[in-house]
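Right, here's the structure in full:
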């Protein structure tokens, strides 16, 4: 069972898990963004309106998910994609997805 399937099942069994934080005040979704795990991040859409609260959450370094998305991916994660152009394309796509989520959220606040 992959990480995404495992977490999906875990969250279904223990829904309050989405509110648990690590020592840096980051949820599993913050960690998914930080480590570029798209499948786990996409589980956020299944939380419904709670995603608005989760995406706004800031860690102890005052970073929200958008900040984490803007930080560079680890070399191990980039090694999954060969070639500098493909790595940059992957990073831009990742950042674009997060910008869209935050713009949607900000429009809801109006």
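Residue numbers (our numbering): 2 to 111.
All C-beta atoms, glycine included, are put in the ideal place defined by N, C-alpha and C.
Please read these numbers as outputs of a predicted model, since none were measured by experiment.
Burial state of residue i, where buried means 16 or more other Cβ atoms lie within 10 Å
{"i": "residue 105", "result": "exposed"}
{"i": "residue 42", "result": "buried"}
{"i": "residue 57", "result": "exposed"}
{"i": "residue 2", "result": "In this prediction, residue 2 scores a pLDDT of 44, lower than 50, which makes its location untrustworthy; no coordinate-derived value is stated."}
{"i": "residue 93", "result": "exposed"}
{"i": "residue 52", "result": "buried"}
{"i": "residue 30", "result": "buried"}
{"i": "residue 108", "result": "exposed"}
Sub-8 Å separation of residue i and residue j beta-carbons
{"i": "residue 27", "j": "residue 60", "result": "yes"}
{"i": "residue 19", "j": "residue 55", "result": "yes"}
{"i": "residue 12", "j": "residue 32", "result": "no"}
{"i": "residue 5", "j": "residue 49", "result": "no"}
{"i": "residue 67", "j": "residue 35", "result": "no"}
{"i": "residue 71", "j": "residue 96", "result": "yes"}
- Please go through the region 19-61 and give each complete beta strand (DSSP E) segment of 3 or more residues, from N-terminal end onward. none
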